[in-house]
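Here's the structure we're looking at; comments come further down.
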Amino acid sequence: MSMASCATSASAMVSSASELLLERAVCSSAKPGRSFFARTRATLRLVEHAHRGSGPVGRWGRLTMAVRKVERYGETRLLIDIQYKKRDGTRARFRKDAEVQTWTAARVEEKRYLLNIAQYGEPNEPAASTSGIAAGAPSGSGAGAKPKKKFAELVAEYRETFMVAELKVTSRRGYESVLRSTLLPRFGELPLDKVDGKAAADLDLDLSRRKLTRSTRNNTQIVLRSVLRFTKSRGYVEDRPANLPKLKPIGQSILEIPSDDQVQKILDDARESHRPTFALMSDAGLRPNEVRALRCKDVHLRWENGVAVGGFLNVREGRSHGEIHTPKTGQREIPISRELARLLTPIVRKGPREAHVALNDHGKPWGQFGIDQAFERVCRRAGLSGRSVYCLRHYAITSWLRANIPIHVVQRMADHKHLATTQRHVHFLKADLEEAARRLAHRDPHGNGQGNSKATPDALP
Numbered sequence: 001m002s003m004a005s006c007a008t009s010a011s012a013m014v015s016s017a018s019e020l021l022l023e024r025a026v027c028s029s030a031k032p033g034r035s036f037f038a039r040t041r042a043t044l045r046l047v048e049h050a051h052r053g054s055g056p057v058g059r060w061g062r063l064t065m066a067v068r069k070v071e072r073y074g075e076t077r078l079l080i081d082i083q084y085k086k087r088d089g090t091r092a093r094f095r096k097d098a099e100v101q102t103w104t105a106a107r108v109e110e111k112r113y114l115l116n117i118a119q120y121g122e123p124n125e126p127a128a129s130t131s132g133i134a135a136g137a138p139s140g141s142g143a144g145a146k147p148k149k150k151f152a153e154l155v156a157e158y159r160e161t162f163m164v165a166e167l168k169v170t171s172r173r174g175y176e177s178v179l180r181s182t183l184l185p186r187f188g189e190l191p192l193d194k195v196d197g198k199a200a201a202d203l204d205l206d207l208s209r210r211k212l213t214r215s216t217r218n219n220t221q222i223v224l225r226s227v228l229r230f231t232k233s234r235g236y237v238e239d240r241p242a243n244l245p246k247l248k249p250i251g252q253s254i255l256e257i258p259s260d261d262q263v264q265k266i267l268d269d270a271r272e273s274h275r276p277t278f279a280l281m282s283d284a285g286l287r288p289n290e291v292r293a294l295r296c297k298d299v300h301l302r303w304e305n306g307v308a309v310g311g312f313l314n315v316r317e318g319r320s321h322g323e324i325h326t327p328k329t330g331q332r333e334i335p336i337s338r339e340l341a342r343l344l345t346p347i348v349r350k351g352p353r354e355a356h357v358a359l360n361d362h363g364k365p366w367g368q369f370g371i372d373q374a375f376e377r378v379c380r381r382a383g384l385s386g387r388s389v390y391c392l393r394h395y396a397i398t399s400w401l402r403a404n405i406p407i408h409v410v411q412r413m414a415d416h417k418h419l420a421t422t423q424r425h426v427h428f429l430k431a432d433l434e435e436a437a438r439r440l441a442h443r444d445p446h447g448n449g450q451g452n453s454k455a456t457p458d459a460l461p
């Protein structure tokens, strides 16, 4: 089909939708209500104003929209992104991939959502009742009860809307794994009102009998709770089920981070092309996804006598599974150490602004698992097997705290939303623990009326 015929078809679809909406405005009202007719006319004006990004949008507040390109899993997709206000005044956002990946079809689909928002207060038209009348029709039109949805049908809607709009790519993959492996096989054919607190408790009991960890059981319940909240927000149930199982407390594991000497040995034994990658984690505390996305334009070096002695990094985005996303709590700046500045100098000097800083052996940006695999190899060469690449990030955070940097500053540098998270990341080095043990009070064998121990002359730092 030619572009001209596509445009003609799209215009015809929008025209038909507009005519149908006007017809329903006149015919479905039991009495001549001007407010509904006026709202319909405002809806049609909204479609014209939307692409100009201005103008009124009716009684529920201003609406912003866009059809834009995004990169996902190495593929360019057209994403519909609409911000609007619901009828109760609360703000909402609707995002989903266009059903047909052409600009013309995406614009037509976008306009359909705009019409629904103006009439129903939601992008999706409410499900039709058994009498064939839309649930969002004016009062007096005889709307009936909505048909019951199955859990699998609700999950399909949840995937297309909430998971795309609200979850980061790594969270989406984790949620999808739980849905596919556990929740859909268990509840897929059940009506929504049967997925209640007892069903959730029975599921948790089965997972416990299968000797799954508390963390796995909690993750399953977290995804199920998210789906149930979505069910209520869409109006398919009156309220969330009561008596859902409580999440199980999980003890914090102690991560043994490398010492200063061990980190230096890892950097020394690493290949020259890999060394900046590991140093970005050990000195700047970057996550692997942030290392993969870092570009030369994000590195700002400070020079003295022609030598880079410091500076700062702009951490603007991360890249996970081929998709670009923002860091957990937003963009941030991190100071650059003198040693890291030395490693980054040749990369920044010779590379274009858009070039990636961290590259693999082939001179290309790292893939999803490349950094982990390279770190595992260098640890084997250094005799430090059994460590995760994240130990370099924990080492950086601990080093900042040992340098007496205020904890709220470390929280920002580490990109932690909550201060408690920073405190959980404080893993003392073995050298610190040995020094603490050396300075601990010793028992007084003679006793002097001051208890069963006496302090050493040195005070703990």
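Numbering of the sequence shown is given in the UniProt record's numbering, commencing with residue 1 and proceeding in unit increments.
From the three backbone atoms N, C-alpha and C, an ideal C-beta is built for every residue, glycine too.
Run through DSSP, which three-state label would residue 304 get?
Numbered from 1 along the sequence shown, position 304 holds the residue referred to as residue 304. In this structure, residue 304 counts as strand in the three-state DSSP scheme.
Would you mind stating whether residue 95 and residue 117 have Cβ atoms separated by less than 8 Å?
As a working note, residue 95 is residue 95 in the sequence shown. As a working note, residue 117 is residue 117 in the sequence shown. Contact flag unset, no.
Between the Cα of residue 217 and those of 156, 226 and 205, spot the shortest distance and give me the residue it belongs to.
Taking the first residue of the sequence shown as position 1, residue 217 is located at position 217. Per the Cα distances, 205.
Going by C-alpha distance, which of 207, 283 and 304 is nearest residue 414?
Within the sequence shown, numbered from 1, the residue matching residue 414 stands at position 414. Looking at the Cα atoms, 283 is the closest of the given residues.
Touch test, the segment 367 to 380 against the segment 303 to 315, Cβ-Cβ under 8 Å, three pairs minimum
no
Would you decide whether residue 331 is buried or exposed? Buried here means 16 or more other CB atoms lie within 10 Å of its CB.
Translated into the one-based positions of the sequence shown, residue 331 becomes position 331. With fewer than 16 other Cβ atoms within 10 Å, it is exposed.
Contact check, residue 334 vs residue 315, beta carbons under 8 Å
Position 334 of the sequence shown holds residue 334. Position 315 of the sequence shown holds residue 315. Result yes, Cβ atoms of residue 334 and residue 315 sit closer than 8 Å.
One question on the structure: do residue 227 and residue 158 come within less than 8 Å of each other, judged by their Cβ atoms?
The residue given as residue 227 occupies position 227 in the sequence shown. The residue given as residue 158 occupies position 158 in the sequence shown. Their beta carbons are under 8 Å apart, which means residue 227 touches residue 158 by this criterion.
Could you give the first and the last residue of the continuous alpha helix (DSSP H) run that contains residue 401?
Taking the sequence shown and counting its residues from 1, one reaches residue 401 at position 401. Looking at the DSSP string, the run of the alpha helix (DSSP H) that includes residue 401 is 390 to 402.
Per-residue burial, residue 303 [other beta carbons within 10 Å of its own, 16 or more giving buried]
Here residue 303 refers to the residue found at position 303 when the sequence shown is read from its first residue. By the 10 Å Cβ count, residue 303 comes out exposed.
As a quick exercise: from 382, 172 and 418, pick the residue whose alpha carbon is nearest that of residue 271.
Taking the first residue of the sequence shown as position 1, residue 271 is located at position 271. If we check each option's Cα against that of residue 271, 382 comes out closest.
According to the neighbour-count rule (16 or more other Cβ atoms, all chains shown, within 10 Å of its Cβ), is residue 419 buried or exposed?
On the sequence shown, residue 419 is found 419 positions in, with the first residue counted as 1. Exposed, because fewer than 16 other Cβ atoms sit within 10 Å of the Cβ of residue 419.
Under 8 Å, do residue 150 and residue 191 count as touching if we go by C-beta distance?
Here residue 150 refers to the residue found at position 150 of the sequence shown. Here residue 191 refers to the residue found at position 191 of the sequence shown. Their beta carbons are under 8 Å apart, which means residue 150 touches residue 191 by this criterion.
Could you tell me which residues DSSP puts in a beta bridge with residue 314?
Taking the sequence shown and counting its residues from 1, one reaches residue 314 at position 314. According to DSSP, which records beta bridges pairwise, residue 314 is partnered with 333.
Pop quiz: residue 391 and residue 288 are said to be a contact at Cβ under 8 Å. What is the actual Cβ separation, rounded to whole angstroms?
Along the sequence shown, one-based indexing puts residue 391 at 391. Along the sequence shown, one-based indexing puts residue 288 at 288. The Cβ separation is near 12 Å, so there is no contact.
Can you confirm whether residue 86, when its beta carbon is compared against all beta carbons of chain B, has any partner nearer than 8 Å?
Within the model displayed, chain B is absent; a lone protein chain is all it includes.
Just the Cα atoms here: how many angstroms apart are residue 219 and residue 156?
Looking up residue 219 in the sequence shown gives position 219. Looking up residue 156 in the sequence shown gives position 156. Between residue 219 and residue 156, the C-alpha separation is close to 20 Å.
Just to confirm the assignment: which complete alpha helix (DSSP H) runs, minimum length 4, are found wholly within the UniProt domain "Core-binding (CB)" (149 to 232)?
151 to 160, 162 to 166, 169 to 178, 184 to 187 and 197 to 209
Could you tell me which of 386, 295 and 280 sits nearest to residue 340, measuring between CA atoms?
Residue mapping note: residue 340 aligns to position 340 of the sequence shown, counting from 1. For the residues 386, 295 and 280, the minimum Cα distance to residue 340 belongs to 280.
Hey, how far is the Cα of residue 274 from the Cα of residue 435?
In the sequence shown, the residue the question calls residue 274 occupies position 274. In the sequence shown, the residue the question calls residue 435 occupies position 435. Each residue's alpha carbon lies about 33 Å from the other.
Length of the line joining the Cα atoms of residue 111 and residue 103
Reading the sequence shown from its first residue, position 111 is the one you call residue 111. Reading the sequence shown from its first residue, position 103 is the one you call residue 103. Residue 111 and residue 103: Cα-Cα distance of roughly 12 Å.
Measure the beta-carbon distance from residue 68 to residue 101 and round it to whole angstroms, keeping in mind my assumption that it falls under 8 Å.
If you number the sequence shown from 1, residue 68 lands on position 68. If you number the sequence shown from 1, residue 101 lands on position 101. In fact, because the Cβ distance is near 13 Å, the residues do not count as touching under 8 Å.
So, are the CB atoms of residue 239 and residue 246 less than 8 Å apart?
Looking up residue 239 in the sequence shown gives position 239. Looking up residue 246 in the sequence shown gives position 246. Result no, Cβ atoms of residue 239 and residue 246 do not sit closer than 8 Å.
Taking the continuous beta strand (DSSP E) assigned at residue 92, which residues delimit it?
Indexing the sequence shown from 1 puts residue 92 at position 92. That run of the beta strand (DSSP E) goes 91 to 97.
Rounded straight-line distance, which links the Cα of residue 212 to that of residue 297:
As a position in the sequence shown, residue 297 is number 297, starting the count at 1. As a position in the sequence shown, residue 212 is number 212, starting the count at 1. Computed Cα separation, rounded: 45 Å.
Terminal residues of the continuous alpha helix (DSSP H) containing residue 372?
As a working note, residue 372 is residue 372 in the sequence shown. Unbroken alpha helix (DSSP H) run through residue 372: 370 to 382.
Here's the rule I'm using: 16 or more other beta-carbon atoms within 10 Å means buried, otherwise exposed. How should residue 326 be labelled?
By one-based count along the sequence shown, residue 326 stands at place 326. Exposed is the call here.
How would you write the range of the alpha helix (DSSP H) that residue 424 sits in, first residue to last?
For the purposes of this step, residue 424 is taken as the residue at position 424 of the sequence shown. Residues 419 to 424.
Go ahead and pull the three-state DSSP assignment for residue 309.
Against the sequence shown, residue 309 aligns to sequence position 309. Note: residue 309 maps to strand in three-state DSSP.
Contacting residues, own chain, Cβ-Cβ under 6 Å from residue 98 (five flanking each side not counted)
The sequence position of residue 98 within the sequence shown is 98, counting from 1. Answer for residue 98: 78, 80, 106 and 109, listed in chain order.
Limits of the unbroken beta strand (DSSP E) element including residue 83:
If you number the sequence shown from 1, residue 83 lands on position 83. Segment 75 to 85, the beta strand (DSSP E) holding residue 83.
DSSP puts residue 299 in a beta bridge; with which residues?
By one-based count along the sequence shown, residue 299 stands at place 299. Per DSSP, 313.
Distance between residue 176 and residue 196 (C-alpha atoms, nearest Å):
What you label residue 196 is simply residue 196 of the sequence shown in a count that begins at 1. What you label residue 176 is simply residue 176 of the sequence shown in a count that begins at 1. When rounded, the distance between both Cα atoms is 21 Å.
Report back the beta-carbon spacing between residue 225 and residue 244 to the nearest angstrom; my notes put them in contact at under 8 Å.
As a first step, residue 225 must be located in the sequence shown, where it is residue number 225. As a first step, residue 244 must be located in the sequence shown, where it is residue number 244. Residue 225 to residue 244, Cβ: 7 Å. Contact.
Compute the beta-carbon to beta-carbon distance between residue 466 and residue 313, rounded to the nearest angstrom, for a pair I have assumed lies under 8 Å.
Past the boundaries of the shown model lies residue 466; the chain is included only from 1 to 461, so the question cannot be answered.
Closer than 6 Å by C-beta to residue 168: which residues in its own chain qualify, once you throw out the five before and the five after it? Chain order, please.
If you number the sequence shown from 1, residue 168 lands on position 168. Around residue 168: 325.
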